[in-house]
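A.B. asks:
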Amino acid sequence: MSKRIYVERSVADHPRTRAVLKRYPRASIIEIERYGEVFNRRNQNFRLQKKQPALILADKFSSRVLPTPPGYGIGGENNFYFSHLLNCVYDCRYCFLQGMYRSANYVLFVNYEDFFDDIEAQLARLPDQDHYFFSGYDCDSLAMESLTGFVEAALPFFRARPRAWLELRTKSVQTRPLVDSAPFKNCVVAYSLTPDTVAQAVEHKAPTVKRRIDAMAQLAQQGWSIGLRFDPLIYGANWMDNYRRLFDAVFTAVPRNRIHSVSYGPLRFPKKMYKDIVSLYPDEALFSGAMHLQNGMVAYPDGIESDMAAYCSDQLRAYLDDSIFFQCLPEVR
Amino acid sequence: MKFEPRLVWLVALPAEARPLCQLFGLAPSRHPSPFPTFFSASGRELLVVSGLGRNLGAAAAMHAYHELGGGAHIAWLNVGIAGHASHPIGSAWMVNQIIEYSSGARYYPQSVIRHPFQSNNLTTVDVPQETMVDTSLYDMEASSFFQIASRLSSSELVSVVKIVSDHGVDKSSFPSRKQVGRWIENHGASLRQLADSMLVLSGEEAQRIEPVELDLDGINLHFTVAQQHQLKTICRRWNALGLPGSPLGTVNTYSTASDALTGLRRLVDNEVIDWTQNE
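Below, the structure written as structure tokens:
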């Protein structure tokens, strides 16, 4: 874990800051005013920082809960995301974070209660309606849980507010806070999945697909609602066989009645982001096959994208009801 | 031209340069130069002696950059003596925050390398500090060195290591050349380890920035500058996809540069990635 921990002066005495620092007694602690001093500065390099990311403990004082971009959701009308953590321990080559930030350092906003207050305020605006809150937008929701304790803090909050749906998006098998807690209806544990061969090639440092499926199965058995996220769909030799085998493995292990929603989406990047990512990883095969620019987004040629969506959709419909399918179409944000 | 790994050592004093040159086999440049400059036999490492102060530190960094032919892959290492209120004399520290006393500006070296040094913050002052009451190291050039070096390369490629020479004393007790030499020699192995790791990083960055060297010798077709860029992109994709040989091997079978680009692009576009080969 991080040898360097930057701490905003304003949260230096926060109990969560003290708890994190206690875990790393040998870390070099550097006091800063605002996390922007060390995060995402112009002269930083995501690829190099990924070798040894530092941890930044900070206060999120505004824009804590934001509307999701169009096309992002699992059936609800009021969709929001929040990021108590920026960046991820995994190093998935298709991840937009590597094009979004110049820094791979982790920023942990320790003022969780302020996030909850903002979620509460959002709920109060339309008290009779369901709201969906997505937590894994700028990070993996569970991968750093042993350090952050965020999910442990969030579960009682959402459990007490049935109209507030929480999506935990993850590839992690660190499910302890969920395993140790009684399940409740408005929490969806959504696993990102690609075929095993693709995962091994491009999802660096992430748990194997088999371990993810095992974790899902355990959570489902305990009564948690499971989300399946086949996003992005990645093209390659034998892609049909690979996806069919993936679906078989998932539905053999996870009872269908525990599946809350399924979403799938194409591999797409805004043009500038794609250029930045290719510049970071010019030797990456994922960015070297046929990719075309369409409407400001770089994507597989249309035939490939639509064939994959149609095939996967057909395959999944053999297992599940139409009403829980959602296509995720990223747009420039 | 393909970039090679490069490392700049920047020191303020000849007394700091001498032990480093001896330890690491750096020889004086044969060309006249505004700053004393030394090169390793391989040409990968350059040491420049800036003189005291921020202005000279910045100017010497620019000088070193041009001497090496430029490039955002160059790694930068400032080594020198510094004051501290209480750290043991002769102890070496990796700097993790630089505060420029005159402006209040703060800089953050982002070392991503495992190194044997403990870390400390540093204040860069314009006149030697006689009393030191806080926990900071004190020097006279690191802020400008870092400011310039991290504009030329990314901040992960810039490191500052300081060796404690005094606890805030008057000028009359400034350490002798011999003392400085001994302190630096004592940390020679650790500095070498750091320098080698930085050269590896520099090499990775060189490969990232310029992944393909386009050698058009023996190619009969004329490629414009724009077409050469397109050809480079095709070569990069070709290599990343693990296709055999080089696209340049077949260029002469096309009748024009434009046909060659179209044909080669079609070849890489039609390649379907076998993910079992890329694990």
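Quick mapping for you: the protein sequence lines, in order, are chains P and H.
At position 263 of the first sequence (counting the first as 1) the number is 262 in numbering that gives the first Met the number 0, and the numbers step up by one without a gap.
At position 166 of the second sequence (counting the first as 1) the number is 165 in numbering that gives the first Met the number 0, and the numbers step up by one without a gap.
Ideal placement from N, C-alpha and C gives every residue a C-beta, glycine not left out.
Look at residue 146 of chain P and residue 8 of chain P and say whether their C-beta atoms are less than 9 Å apart.
C.D. replies: For residue 146 of chain P and residue 8 of chain P, no; Cβs fall outside 9 Å.
A.B. asks: Could you name the residues of chain H that residue 292 of chain P contacts, counting a contact when the two beta carbons are closer than 8 Å?
C.D. replies: In chain order: nothing, as chain H lies at least about 13 Å away.
A.B. asks: Might you give, ordered along the chain, the residues of its own chain that have their beta carbon closer than 7 Å to the beta carbon of residue 319 of chain P, omitting 5 neighbours on each side?
C.D. replies: Answer for residue 319 of chain P: 255, 258 and 261, listed in chain order.
A.B. asks: What's the call for residue 239 of chain P, buried or exposed, on a 16-neighbour Cβ count within 10 Å?
C.D. replies: Flag for residue 239 of chain P reads exposed.
A.B. asks: Figure out for me which residue from H/264, H/72 and H/32 has the closest Cα to the Cα of residue 230 of chain H.
C.D. replies: When each option's Cα is compared against that of residue 230 of chain H, the closest is H/264.
A.B. asks: Below 8 Å, how does it come out for the stretch 25 to 38 of chain P and the stretch 119 to 128 of chain P: are there three or more Cβ pairs, yes or no?
C.D. replies: Segments in contact, no.
A.B. asks: Which residues, taken in chain order from the stretch 179 to 200 of chain P, show a beta carbon closer than 8 Å to some beta carbon of chain H?
C.D. replies: From the stretch 179 to 200 of chain P, only 194, 196, 197, 199 and 200 have a Cβ closer than 8 Å to chain H.
A.B. asks: Which residues in the same chain have their Cβ closer than 7 Å to the Cβ of residue 176 of chain P, if we skip the five residues on either side of it in sequence?
C.D. replies: Contacts found: 144, 150, 151 and 154.
A.B. asks: Going by DSSP in three states, residue 231 of chain H sits in which element: helix, strand or coil?
C.D. replies: The answer is helix: DSSP assigns residue 231 of chain H an H, G or I state.
A.B. asks: By DSSP, does residue 161 of chain H sit in helix, in strand, or in coil?
C.D. replies: Looking at residue 161 of chain H - three-state DSSP - the assignment turns out to be strand.
A.B. asks: Run through DSSP, which three-state label would residue 228 of chain P get?
C.D. replies: Three-state result, residue 228 of chain P: strand.
A.B. asks: So which residues of chain P does residue 98 of chain H contact, with C-beta pairs closer than 9 Å?
C.D. replies: The premise fails here: residue 98 of chain H is roughly 11 Å from chain P at the closest Cβ pair, so nothing lies under 9 Å.
A.B. asks: Of all the options P/249, P/242, P/292 and P/251, which has the alpha carbon lying nearest to the alpha carbon of residue 312 of chain P?
C.D. replies: The shortest Cα separation from residue 312 of chain P among P/249, P/242, P/292 and P/251 belongs to P/242.
A.B. asks: Measure the alpha-carbon distance for residue 138 of chain P versus residue 39 of chain H and round it to whole angstroms.
C.D. replies: If I take the Cα positions, the gap works out to 44 Å.
A.B. asks: With residue 290 of chain P and residue 284 of chain P assumed to form a contact (beta carbons below 8 Å), what rounded beta-carbon distance in angstroms separates them?
C.D. replies: With 8 Å as the limit, residue 290 of chain P and residue 284 of chain P do not qualify as a contact, their Cβ atoms being about 12 Å apart.
A.B. asks: Among H/204, H/123, H/243 and H/67, whose alpha-carbon lies nearest the alpha-carbon of residue 145 of chain H?
C.D. replies: With distances taken between Cα atoms, residue 145 of chain H lies closest to H/123.
A.B. asks: Comparing C-alpha positions only, which one of P/267, P/237 and P/219 sits nearest to residue 251 of chain P?
C.D. replies: The residue with the shortest Cα to Cα distance from residue 251 of chain P is P/219.
A.B. asks: If distances are taken between C-alpha atoms only, which option among H/91, H/134, H/151 and H/183 comes closest to residue 62 of chain H?
C.D. replies: Cα-wise, what sits closest to residue 62 of chain H is H/151.
A.B. asks: Give a yes or no on whether 9 Å exceeds the smallest Cβ distance from residue 210 of chain H to chain P.
C.D. replies: Taking Cβ atoms only, chain P reaches closer than 9 Å to residue 210 of chain H, which makes this a yes.
A.B. asks: Just mark residue 45 of chain P as buried or exposed, buried being the case when its beta carbon has 16 or more other beta carbons within 10 Å.
C.D. replies: Result: buried.
A.B. asks: Reducing DSSP to helix, strand and coil, say where residue 88 of chain H ends up.
C.D. replies: If DSSP states are grouped into helix, strand and coil, residue 88 of chain H belongs with coil.
A.B. asks: For a cutoff of 9 Å on Cβ pairs, would you count residue 50 of chain H as touching chain P?
C.D. replies: No, its Cβ sits nowhere closer than 9 Å to a Cβ of chain P.
A.B. asks: When the Cα atoms are used, what is the spatial distance from residue 83 of chain P to residue 109 of chain P?
C.D. replies: Residue 83 of chain P and residue 109 of chain P: Cα-Cα distance of roughly 7 Å.
A.B. asks: Looking at the C-beta of residue 64 of chain H, does it have a partner C-beta in chain P at a distance below 9 Å?
C.D. replies: Judged by the 9 Å Cβ criterion, residue 64 of chain H is not in contact with chain P.
A.B. asks: Does the Cβ of residue 278 of chain H have 16 or more other Cβ atoms within 10 Å, making it buried, or fewer, making it exposed?
C.D. replies: Residue confidence is low: residue 278 of chain H scores 49 on pLDDT, short of 50, so the model does not pin down where it sits. No coordinate-derived value is stated.
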